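For the sequence shown, the working numbering begins at 10 and goes up steadily by one.
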Amino acid sequence: DSVISEDPGHRGALDIMTSIFEANQDFARLANVLNEGLQSASNPAEEIEVRIRLGSICEKQLGDVAAAKNHYEKAVLLNPSCLDALRGLDRIYLKEGNKAALRDNLEAQLTCEMTPNQKIETRVRLADLYEEEFKNADKAVHHLEAVVTADDSNRYALLTLTRLYRRLERWEDLAAVLEKRAKFASDDEKKGLLKERADVIRDKLKDSARAIQALTEVTSLGVDDALESLAKTQEEAGDFESAVSTLQKIS
Numbered sequence: 010d011s012v013i014s015e016d017p018g019h020r021g022a023l024d025i026m027t028s029i030f031e032a033n034q035d036f037a038r039l040a041n042v043l044n045e046g047l048q049s050a051s052n053p054a055e056e057i058e059v060r061i062r063l064g065s066i067c068e069k070q071l072g073d074v075a076a077a078k079n080h081y082e083k084a085v086l087l088n089p090s091c092l093d094a095l096r097g098l099d100r101i102y103l104k105e106g107n108k109a110a111l112r113d114n115l116e117a118q119l120t121c122e123m124t125p126n127q128k129i130e131t132r133v134r135l136a137d138l139y140e141e142e143f144k145n146a147d148k149a150v151h152h153l154e155a156v157v158t159a160d161d162s163n164r165y166a167l168l169t170l171t172r173l174y175r176r177l178e179r180w181e182d183l184a185a186v187l188e189k190r191a192k193f194a195s196d197d198e199k200k201g202l203l204k205e206r207a208d209v210i211r212d213k214l215k216d217s218a219r220a221i222q223a224l225t226e227v228t229s230l231g232v233d234d235a236l237e238s239l240a241k242t243q244e245e246a247g248d249f250e251s252a253v254s255t256l257q258k259i260s
């Protein structure tokens, strides 16, 4: 300790004391040594490394959330794309219930280098925040669409987009996502999804030609209750011969 008190920036002594306190799990003294070590940090990257370590010790071992938050925030100021520091703040904001700070933090995390699955998880969290806490369905849709771009079979994103597109009356997008969901659905679920898609095209988009095509596909799958809708749509389109033919198929 005497070397450190005489020269707080003495690198060798700091490293030795750090190893000793870490081995003994003496986290309070370890934090003190690391704080002294900040004075000898030779560059921003080294300071960031020490602050992240201090933040983790304060957060997880010492229960000093305020100190942990301070270290993580200072690391982010030095490098806004420091994922370890951002994740430390993520945990703290989540515990604090600071939704606005958490939203901004997650947006910042997306600028960092992450695996595709980590980005998907982050975007899903952001979508939930925007919808539930900030009542911003458009922002939620933005992130969920990015999830589907990365993983077109992501069930949670597809289901949530179905609900949000309907709420926002984005009928063309709703038809598209129903078709996408049908590709990954069981046979029974596929029939219902394609019938729903056909109804959207017919009733919301008012596109008779596409509706006839969609309903014809549905009836070919054995969905008999689509025959009446198909016949009515054919009649409205002026194709009376096809409408009569379709009605004759209704048992």
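Beta carbons are placed, not taken as given, at the ideal position from N, Cα and C, and that holds for glycine. This one's a predicted model, so the numbers in the text were calculated from it and none came from an experiment.
Between the alpha carbons of residue 129 and residue 148 lies a distance of about 15 Å. When C-beta atoms of the stretch 206 to 218 are compared with those of the stretch 167 to 181, three or more pairs fall below 8 Å, so the two segments count as touching.
By the C-beta density criterion, residue 113 is exposed, having fewer than 16 other C-beta atoms within 10 angstroms. Under the rule that a run must span 4 or more residues, the alpha helix (DSSP H) segments found entirely inside the stretch 25 to 80 read 36 to 46, 53 to 65. The beta carbons of residue 183 and residue 207 sit no closer together than 7 Å. Note that the C-beta distance between residue 106 and residue 81 is not below 7 Å.
A Cβ-Cβ distance of about 4 Å is found for the pair residue 94 and residue 84, placing them in contact under the 8 Å criterion. Looking from the CA of residue 228, the closest CA among 205, 248, 250, 245 belongs to 205. The residues 132, 135, 136, in chain order, have a CB closer than 6 Å to that of residue 152 in the same chain once the five nearest residues on each side in sequence are set aside. Taken through DSSP and simplified to helix, strand or coil, residue 140 comes out as helix. The three-state secondary structure of residue 90, taken from DSSP, is coil.
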